[in-house]
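Undergrad: Residue numbers (our numbering), protein chains in the order written: chain A, 8 to 408; chain B, 8 to 408.
Ideal placement from N, C-alpha and C gives every residue a C-beta, glycine not left out.
Just so it is clear, the structure is predicted and the values come from calculations on it, not from any experiment.
What follows is the structure, encoded as structure tokens:
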């Protein structure tokens, strides 16, 4: 039989909007010899993972667990459990990932999905949701807190208010925001919130943490039709992750080991410290980017997602060639735009483990070199210098405290 | 925030029907620093994984890839892509996992699923499928090659013949059989075949290899309605795994590293050697079990699945206490029965890495000790002795060749 050589990936610093490069502790956990998923030790250990996830979501929700799927599987789980044939929902769309919720839900039999849109780089206006709901019975309002395709963060409280007024559930996609942006599931009364393992939690890709409130749980019990998906049926998934620990499907044991370690690192740091770190490093990155004469894609600084920074590509400059040189010469991966923004923006992720001052400075140094090679002009060192000044100022502020 | 201690799982020999204990090479691959899923290196590497999967499935099918889900996700993928509202299918049911295909498919809107059943421990008769199809338009016949809940292996050729007669597709669940039991997707003209990463391939749990033939691909193109699941939509999954390598969802990169290494080990051994090894070790295990006065649950030796051996629990003996002692005293995990067989059988997995003579002998030695402690009587050493004789005879046979 044909075989292939040793696994030998190139060393990379992954500064994309996920996955993020992993801490060596997480890698070590991933490579730990496994136990069976019905082993008493495993059954107890997953309770620790759930306890840490509850802290990160800031919730006491019983139903809090990592789904055995990517963040997109989290989207599918949220909507197929929420909707029954004949029902309607509103999804706020301001980019590819918020639109994904509308697309996934629209595939379900007999449901009607209303899209409320905002231009790319902006947030949806809760008043538009109120208008779209007029005269309709809306089951849920879906909002994406961190729109990865544009680098926009959405404030959630206005949507909770509208959802209350129209008697709808609130579903929040926190794939790119959880642990990087303030989020408090219980205080903000979010009915379903899900994320992705490989973003600001910095666990390996392949799981989607999700948490579900009591109203949603009651709604699940009151459903008249079965959830269309067996794999994503939350009541059955909870047979395993709930007190029964009854077999549903075999979970990805090694990924749970990795997630446990990533959550330990996050809990050691503290959630507020993590939010602060993500914001600080983004400010330094943006200062550096602007000092190179580049323009952030998101016009309002308030709307900029701390975990993903989008930057307009200067007119006539080759997106692919610049990213390829960064990868080949420096081993640094950033992302391009997707959908209508393909070729128009770069997206730089500073998520979890990669949101560190040293990586911001290393990236800017490499980026300067590559941009200069492509005849984008600025004072050499300007980007790194601007970022260093942000760090110096923030250190001074911390010092004065 | 509350944190927990170091990840420190107990050392286990996992002899369940999946997951199996992993080779140290696979563990090392799992802990390898990751690259992004759009990295040119990754894009090329996954082609190697696909090439090795094609060899293991014995197919030239273009659509051959590991799904980002457990084996149960493989079931869901097969049926939701195959069926549209108004269509009918036949599922052969002779245990929990074959029944799962019927249950998953029955959740779909507007489809009719006919079950053709066999008693537990037996195989379904293809003639019964022929009778059930009479007067109906059947889209597919679903068969489980290795029924993990009972330890039964089903011969596939009779079902292909019936499917041809009635103009139906053939879907084969090879979750517990692929790489452990002869299977030739192209020669046997299987339209869809899926497996689980954590069984006889001995990769970490969390992925479901699947392969799809040209007739099924054509059927996908001819569908009148969208596949109800976005996550499991094969056409979209193939956007990433096909020649476009276009982003669909973020795959579990570390698990793909682990699977690549597991496939390398399998390809180095050779598929026929792997089948032979699984059969030999099962024969030794059964000889040992019978020498202890225990009875295999599957009456016909021809029907016994080489990867999972089921054994009747002697009347009045505590299933749980015996398994717990094996786990605590020897670190060996075997499984109990599930569904109607709970408390009635033990299931011993010899899958991939764990199908080794040394593990068979270690298990029998430990099992003897525990059974004697529970006052199940036999000549001490009888089980180990009987297994050793099987190995000695087979070595003599090999030697004479």
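Along the chain, where does the beta strand (DSSP E) containing residue 356 of chain A start, and where does it finish?
TA: 352-356 is the span of the beta strand (DSSP E), which, as asked, contains residue 356 of chain A.
Undergrad: Can you have a look at residue 230 of chain A and say buried or exposed, based on whether 16 or more other CB atoms are within 10 angstroms of its CB?
TA: By the 10 Å Cβ count, residue 230 of chain A comes out exposed.
Undergrad: Between which two residues does the beta strand (DSSP E) containing residue 176 of chain B stretch?
TA: Element bounds for residue 176 of chain B: 176-180.
Undergrad: Out of curiosity, what's the CA-to-CA distance linking residue 42 of chain A and residue 182 of chain B?
TA: C-alpha separation (whole angstroms): 19 Å.
Undergrad: Measure from the C-beta of residue 381 of chain A to each C-beta in chain B and report whether the shortest distance is under 9 Å.
TA: So no, residue 381 of chain A is outside the interface.
Undergrad: Name the DSSP bridge partner or partners of residue 274 of chain B?
TA: Bridge partners of residue 274 of chain B: none, in fact.
Undergrad: If you run the structure through DSSP and keep just helix, strand and coil, what is residue 67 of chain B?
TA: Residue state, collapsed to three classes: coil.
Undergrad: I'd like to check one pair, residue 26 of chain B with residue 313 of chain B: are the Cβ atoms closer than 9 Å?
TA: Result no, Cβ atoms of residue 313 of chain B and residue 26 of chain B do not sit closer than 9 Å.
Undergrad: Can you check which of these residues, A/306, A/293, A/308 and A/345, is closest to residue 370 of chain A by C-alpha distance?
TA: Of the listed residues, the one whose Cα sits closest to residue 370 of chain A is A/293.
Undergrad: Roughly how many angstroms separate the alpha carbons of residue 272 of chain A and residue 47 of chain B, rounded to a whole number?
TA: Going from the Cα of residue 272 of chain A to the Cα of residue 47 of chain B covers about 30 Å.
Undergrad: Three-state secondary structure (DSSP) at residue 255 of chain A?
TA: It is coil, neither helix nor strand.
Undergrad: Roughly how many whole angstroms lie between the Cα atoms of residue 31 of chain A and residue 275 of chain A?
TA: Distance between the alpha carbons of residue 31 of chain A and residue 275 of chain A: 16 Å.
Undergrad: Are there 16 or more other CB atoms within 10 angstroms of the CB of residue 381 of chain B, so buried, or fewer, so exposed?
TA: When all chains shown are included, residue 381 of chain B counts as exposed.
Undergrad: What are the residues in the segment 347-374 of chain B lying within 9 Å of chain A by C-beta distance?
TA: The residues in question: there are none.
Undergrad: With DSSP run on the structure shown, which of helix, strand or coil describes residue 218 of chain A?
TA: Of the three classes helix, strand and coil, the one that applies to residue 218 of chain A here is strand, per DSSP.
Undergrad: Return the CA-CA distance between residue 365 of chain A and residue 81 of chain B, expressed in angstroms with no decimal places.
TA: Those two C-alpha atoms are separated by around 42 Å.
Undergrad: Please name the residue in A/362, A/372 and A/234 whose C-alpha comes closest to that of residue 184 of chain A.
TA: The candidate whose alpha carbon is nearest that of residue 184 of chain A is A/362.
Undergrad: Please classify residue 103 of chain A: does DSSP put it in a helix, a strand, or coil?
TA: The answer is helix: DSSP assigns residue 103 of chain A an H, G or I state.
Undergrad: Starting from the beta carbon of residue 36 of chain B, find every residue of chain A whose beta carbon is closer than 7 Å, and list them in chain order.
TA: By Cβ distance, chain A contributes 14.
Undergrad: Anything in chain A within Cβ reach of residue 1 of chain B, meaning under 9 Å, just list it in chain order.
TA: This structure leaves residue 1 of chain B out entirely; chain B is present only between 8 and 408.
Undergrad: Just confirm the distance between the C-beta atoms of residue 217 of chain A and residue 72 of chain A, as a whole number of angstroms; I'd bet it's less than 8 Å.
TA: Indeed, because the Cβ distance is near 7 Å, the residues count as touching under 8 Å.
Undergrad: So, with DSSP's three-state summary, where would you put residue 146 of chain B?
TA: The answer is strand: DSSP assigns residue 146 of chain B an E or B state.
Undergrad: Just to check my reading of the structure: residue 22 of chain A and residue 357 of chain A have Cβ atoms closer than 8 Å, yes? What is that Cβ distance to the nearest angstrom?
TA: Yes, they are in contact, since the Cβ atoms of residue 22 of chain A and residue 357 of chain A sit about 7 Å apart, within 8 Å.
Undergrad: Can the beta-carbon of residue 36 of chain B be found less than 9 Å from the beta-carbon of residue 267 of chain B?
TA: For residue 36 of chain B and residue 267 of chain B, yes; Cβs fall inside 9 Å.
Undergrad: So residue 128 of chain B and residue 159 of chain B are in contact, right, with Cβ under 8 Å, and what is the actual spacing, rounded?
TA: Indeed, because the Cβ distance is near 6 Å, the residues count as touching under 8 Å.
Undergrad: Give a yes or no on whether the C-beta atoms belonging to residue 201 of chain B and residue 85 of chain B are separated by under 9 Å.
TA: Yes, these two residues count as a Cβ contact at 9 Å.
Undergrad: How long is the line joining the alpha carbons of residue 256 of chain A and residue 8 of chain B, rounded to whole angstroms?
TA: Looking at the two C-alpha atoms, the distance is approximately 31 Å.
Undergrad: Is the shortest distance between the beta-carbon of residue 66 of chain A and the beta-carbons of chain B less than 9 Å?
TA: False, the Cβ-Cβ gap to chain B never drops below 9 Å.
Undergrad: Please list the partners that residue 274 of chain A has in chain B, where partner means a Cβ-to-Cβ separation under 9 Å.
TA: Within chain B, the residues near residue 274 of chain A are 8, 9, 10 and 11.
Undergrad: For residue 201 of chain A, list the residues DSSP reports as bridge partners.
TA: Looking at the DSSP assignment, residue 201 of chain A forms a beta bridge with A/180 and A/217.
Undergrad: Residues of chain B with CB closer than 8 Å to the CB of residue 115 of chain A, please, in chain order.
TA: Under the 8 Å cutoff, chain B gives 235.
Undergrad: Would residue 386 of chain B pass as an interface residue toward chain A - the criterion being a Cβ-Cβ separation below 9 Å?
TA: It does not; no Cβ of chain A falls within 9 Å.
Undergrad: Kindly indicate which three-state DSSP category residue 234 of chain B falls into: helix, strand or coil?
TA: Coil, per DSSP.
Undergrad: Please list, in chain order, all residues of the same chain as residue 109 of chain B whose beta carbon is under 7 Å from its beta carbon, the five residues on each side excluded.
TA: Cβ within range, chain order: 98, 100, 120 and 122.
Undergrad: By the 8 Å beta-carbon criterion, what residues does the segment 333-346 of chain B contribute toward chain A?
TA: Answer in chain order: 334, 340, 342 and 345.
Undergrad: Excluding sequence positions up to five away, which residues of its chain have a Cβ less than 7 Å from the Cβ of residue 349 of chain B?
TA: Contacts found: 343.
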